Each structure stands twice: as structure tokens, then as C-alpha cells.
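Position one of the sequence shown corresponds to residue 214 (the numbering used here), numbered consecutively onward.
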Amino acid sequence: MPFERRLPLWAGRSFALVGIVLVAVNLRTAVAALSPIYGLVDADLHGGSFGLGLLGMLPPLCFAVFGIVTPALSRRFGLEGLLIGAIVVMVGGHLLRGLASGFGILVLGSVLCFAAIGAGNVLLPPLVKKYFSDRIGQLTALYAVVMSASTFVPALLAVPMAHAASWQFSLGIWAACAVVALAPWLVVLARARRARRLDPAVTVATERGVGRIIHSRTAWAIMTIFAVSSSTAYSCFAWLPAVLADTAGVSPTAGGALLSLFGFRGLPAAIIMPILATRVRRTGLLAWAGVAFIIVGIGGLLLAPEVLPWLWVALLGSGPLLFPLALTLINTRSRSPHTAIAVSGFVQGIGYVIAALFPLLVGVLRDVTGGWTASLVLLLAAATPAVWAGIVLGAGRTVDDEIGAR
Numbered sequence: 214m215p216f217e218r219r220l221p222l223w224a225g226r227s228f229a230l231v232g233i234v235l236v237a238v239n240l241r242t243a244v245a246a247l248s249p250i251y252g253l254v255d256a257d258l259h260g261g262s263f264g265l266g267l268l269g270m271l272p273p274l275c276f277a278v279f280g281i282v283t284p285a286l287s288r289r290f291g292l293e294g295l296l297i298g299a300i301v302v303m304v305g306g307h308l309l310r311g312l313a314s315g316f317g318i319l320v321l322g323s324v325l326c327f328a329a330i331g332a333g334n335v336l337l338p339p340l341v342k343k344y345f346s347d348r349i350g351q352l353t354a355l356y357a358v359v360m361s362a363s364t365f366v367p368a369l370l371a372v373p374m375a376h377a378a379s380w381q382f383s384l385g386i387w388a389a390c391a392v393v394a395l396a397p398w399l400v401v402l403a404r405a406r407r408a409r410r411l412d413p414a415v416t417v418a419t420e421r422g423v424g425r426i427i428h429s430r431t432a433w434a435i436m437t438i439f440a441v442s443s444s445t446a447y448s449c450f451a452w453l454p455a456v457l458a459d460t461a462g463v464s465p466t467a468g469g470a471l472l473s474l475f476g477f478r479g480l481p482a483a484i485i486m487p488i489l490a491t492r493v494r495r496t497g498l499l500a501w502a503g504v505a506f507i508i509v510g511i512g513g514l515l516l517a518p519e520v521l522p523w524l525w526v527a528l529l530g531s532g533p534l535l536f537p538l539a540l541t542l543i544n545t546r547s548r549s550p551h552t553a554i555a556v557s558g559f560v561q562g563i564g565y566v567i568a569a570l571f572p573l574l575v576g577v578l579r580d581v582t583g584g585w586t587a588s589l590v591l592l593l594a595a596a597t598p599a600v601w602a603g604i605v606l607g608a609g610r611t612v613d614d615e616i617g618a619r
């Protein structure tokens with residue numbers, strides 16, 4: 214198959230490498246650029262708290278929907294062609310947000326951006342598999358780190374740019390970043406067509422196996438650790454400062470700093486975990502390590518929140534090492550890019566649906582019970598399925614093995 218005939222790192226794939234990095238830069242900008250300036254946006258467009266809640270729910274919902282449909286679209290347009298289409302849609306979404314004169318236009322532009330990001334989330338793992346099957350750990354670590362950095366940079370620049378120009382400029386300027394990501398993929402697509410890398414016969418031959426992904430225990434295990442990681446992260450980004458304020462007496466400033474600590478802890482994991490996952494045989498142990506961090510961190514917030522809250526937050530922030538682990542396993546437990554995109558869509562589609570629900574459930578339990586104990590117990594219980602996932606992943610089977618045996 215074409216993806217198996219790979220030469221040394223830079224031979225014929227430098228544009229793919231640059232393209233993967235540039236796409237990773239764009240996979241979080243639309244999410245991170247809006248929330249810091251929502252007050253300015255609301256003053257003009259009057260979205261109110263409902264609008265803020267709606268915009269907060271859109272990312273995981275769009276990621277889920279387009280995570281599910283992207284594998285089917287890729288069979289029609291190919292990995293590279295669909296990614297180019299997603300980038301074009303992203304450019305349009307950023308421009309709509311930058312030109313928004315009403316709240317509805319802002320929502321429409323955001324939906325376009327998040328839909329494109331949802332497709333990009335699913336497409337990157339199989340593209341790594343296709344062009345860098347001999348460097349899966351390194352490339353996954355690289356784009357995971359870039360994604361993490363692209364979360365911080367727009368948030369830091371959003372307010373200064375809004376004050377220097379306007380909030381529309383602060384949102385729309387990211388279209389330029391997306392346009393830059395188009396160039397290398399246009400070259401890659403042209404080369405792939407000339408070399409007949411986009412082989413429709415291969416896609417058709419694997420399509421039946423792809424339809425049986427739901428019968429793979431390994432695919433379900435990867436989805437489980439992805440869902441546990443994403444649910445924990447989304448819930449903490451939504452509620453952790455409030456939890457710390459109510460249970461540990463932490464000030465708003467300190468709560469914000471601890472939330473930053475939670476987010477920063479994911480950066481070392483993004484660097485180390487993909488490389489470990491490609492070199493350690495018993496990857497189930499890595500899943501158990503992630504769930505152990507989550508359980509101990511939440512347990513500390515439940516039993517002794519006022520004692521070393523920074524330690525509990527640091528441990529809790531280490532739990533989402535499951536996220537880069539899941540991204541790596543999508544490739545290492547798939548034998549071809551076609552299986553990888555099916556697994557990627559399955560894992561991220563279902564995983565983001567679950568992740569979208571948890572911040573809401575945590576808030577509802579807080580309102581119903583008047584405290585955070587039930588909410589924290591929910592997060593604690595939700596982490597435990599990752600123990601089962603570790604057992605399944607420890608067997609070392611691939612998705613292709615399991616669906617081929619049926």
C-alpha cells in the first residue's frame with residue numbers, strides 16, 4: 214500500500230509535515246479567541262448569558278457531529294481533499310465572526326469554525342499514519358504540543374487586539390492563520406494525485422471493515438480513555454475555580470492561577486505520552502496511570518480540599534495525559550490510514566458527545582444538592598471505566614485484528 218512505502222523523514226513529505234503543524238495551530242484558535250472578549254461582544258450584540266452558554270456548548274457538539282460524519286466524507290473526497298475543504302470552511306467561519314453585525318451571524322460563523330475543527334481533529338491522526346507511519350509518536354507529540362500552545366496564544370492576544378482595533382478584528386484575524394495552512398496541503402494533494410496515492414480501490418476494499426468498528430473492543434477502549442480525559446478537562450475548565458472557591462476558600466485570582474496550572478499540566482503529557490505509547494508494550498499501564506491521577510486529584514478535593522489544593526489540581530491536570538495517549542493509539546492500533554480515520558471518527562464522535570454532557574451534569578448536581586460533593590463523586594465514578602480500557606489495551610490487539618475476525 215502507498216502509506217507503507219515511506220522514505221526518510223523529509224523525503225517527499227516535508228510539505229505534509231509543515232501542513233500537519235499548521236493545521237494543528239488552527240484547531241483551537243476559534244475556541245480560545247472568543248471567551249476572553251465575550252463581554253465586549255455581548256455589549257454590542259446582546260447575546261446575554263444564554264448566548265454565552267450556547268457558544269460554550271457549540272465546540273464539543275460540533276466536534277462530535279463532524280467527528281461522526283468525517284470518515285464517510287473522507288471516502289468521497291479523500292483525506293487531503295477533505296482537509297482542504299475544512300480549512301476553506303474555517304476561513305469562511307473566521308471571516309463571518311469578524312464581520313458579525315448580529316448575534317446570529319456570530320453563531321453561524323462559530324458553527325462553521327467548529328465544524329471545520331471537528332473534521333480536522335479526526336483527519337490529523339490518519340494523515341500522520343499515512344505520511345509518517347514510522348514517526349507516529351514524534352508527530353503526534355509535535356501536533357499535540359502545537360494544539361496546546363494554540364489554546365494559550367489566542368487567549369493572550371484577544372483582549373489587546375480587541376482594544377487596539379475591535380473585537381471583530383480580534384476574531385477575524387485568525388482567518389489569515391487558516392489561509393496559511395492551505396498552501397502546503399494544496400501541494401500535498403497535487404503530488405498525491407500525481408503519484409496515485411489516493412487509491413479508490415484501497416478505500417473500497419477497507420470500507421466493509423470500517424463499518425464494523427463498533428464491534429472492536431480496542432476501539433471502545435480508546436474511546437473510553439478519550440471520553441474520560443475530555444469529560445474531566447471540560448468539566449474542570451468550566452467549574453474548577455468555583456469548586457476551589459467553595460470548598461477550599463480560594464480567591465478568584467488564585468482560582469484562575471490554579472486553572473492555568475491544570476491546563477499547563479497537559480503540556481508535558483502531550484510531549485512525552487505519544488512517544489511512550491509507541492515504545493511501551495503494555496500501554497494499558499499508561500491508561501491506568503492517567504486514571505490514577507484523576508482519582509487521586511478528585512479524591513483530594515473531596516476529602517481535604519483546603520490542604521494543598523495546588524497538589525490536587527496538579528494531579529488532576531496530569532489525568533488528561535489520556536488525551537494524547539488516545540490520539541496515538543488511534544494510529545498504533547490501526548493497520549492503515551483508512552482504519553485510522555474510522556477509529557478516529559468513532560473515538561472523537563462519541564467521546565465529544567459525552568464530554569459535552571458532563572459540564573452540564575456537574576452544574577445541575579451542584580444546583581440540586583447545594584454543594585460539590587455529588588458533582589465530584591460523578592467525575593470520580595466517570596473515570597473508573599478507564600480501568601477496563603487499560604485491561605483491553607494491555608492485550609495489544611489492533612482494531613483490524615478484531616474486525617477482521619468477525
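Note that beta-carbon positions come from the ideal geometry of N, C-alpha and C, so glycine has one too. A quick note: this is a predicted structure, and the numbers were derived from the prediction, not measured.
If you draw a straight line from the Cα of ALA502 to the Cα of LEU308, it comes to about 42 angstroms.
Taking one beta carbon from each stretch, the stretch 522–532 and the stretch 241–261 have fewer than 3 pairs nearer than 8 angstroms; the two do not touch. For GLY331 against GLY280, the beta-carbon gap comes to about 6 angstroms, under 8 angstroms, which counts as contact. Taking 8 angstroms as the upper bound for CB-CB distance, VAL456 and LEU514 are in contact here, some 7 angstroms apart. Within the same chain, and ignoring the five residues on either side of ARG348 in sequence, no residue has its Cβ closer than 6 angstroms to its Cβ. Approximately 7 angstroms separates the beta-carbon atoms of GLN561 and PHE439; this is inside 8 angstroms, confirming the contact.
Here the stretch 566–583 makes no contact with the stretch 506–520; the two share fewer than three CB pairs at distances below 8 angstroms. When the Cα atoms are used, ILE511 and TYR447 turn out to be separated by approximately 15 angstroms. Short of 6 angstroms from the beta carbon of THR364, and not among the five residues preceding or following it, lie these beta carbons of its own chain, in chain order: ARG241 and ALA245. Taking 9 angstroms as the cut-off, the Cβ atoms of GLY291 and ALA405 count as close. SER464 sits exposed, since fewer than 16 C-beta atoms from the chains shown fall within 10 Å of its C-beta.
In its own chain, leaving out the 5 sequence neighbours on each side, no residue places its CB closer than 6 angstroms to the CB of GLY476.
In the structure shown, GLY306 adopts helical secondary structure according to DSSP, grouped into three states. Burial check for PHE559: the Cβ neighbour count within 10 Å reaches 16 or more, so the residue is buried. In the structure shown, the three-state DSSP call for ILE386 is coil. DSSP places HIS259 outside both helix and strand once states are collapsed to three, so it counts as coil.
Here GLY317 carries a helix assignment [DSSP, helix/strand/coil]. Counting along the chain, LEU540 sits inside the alpha helix (DSSP H) bounded by residues 535–545. Annotation for ALA569: PRO273 and LEU274 place their beta carbon closer than 6 angstroms to its own, counting only its chain and skipping 5 residues before and after. Taking each of THR353, GLY607 and PHE316 in turn and checking the Cα distance to THR496, the smallest one comes out for GLY607. For VAL575 against THR431, the beta-carbon gap comes to about 29 angstroms, at or over 8 angstroms, which does not count as contact.
Here GLU519 carries a coil assignment [DSSP, helix/strand/coil]. By the criterion of a C-beta distance shorter than 6 angstroms, LEU295 is surrounded in its chain by LEU286 and SER287, once the five residues flanking it on both sides are discounted.
As the crow flies, the alpha-carbon of LEU471 is around 13 angstroms from that of ALA451.
With contacts defined by Cβ atoms closer than 9 angstroms, ALA229 and PRO373 do not form a contacting pair. Collapsing the DSSP output to three states places PHE228 in a helix. The criterion of a C-beta distance shorter than 9 angstroms is satisfied by ALA483 and MET360. Counting along the chain, no alpha helix (DSSP H) covers THR611, and no H or E run does either.
When DSSP states are grouped into helix, strand and coil, TRP452 belongs to the helix group.
The Cβ atoms of VAL509 and TRP525 lie closer than 9 angstroms to each other. The alpha-carbon separation between LEU592 and VAL566 amounts to approximately 16 angstroms.
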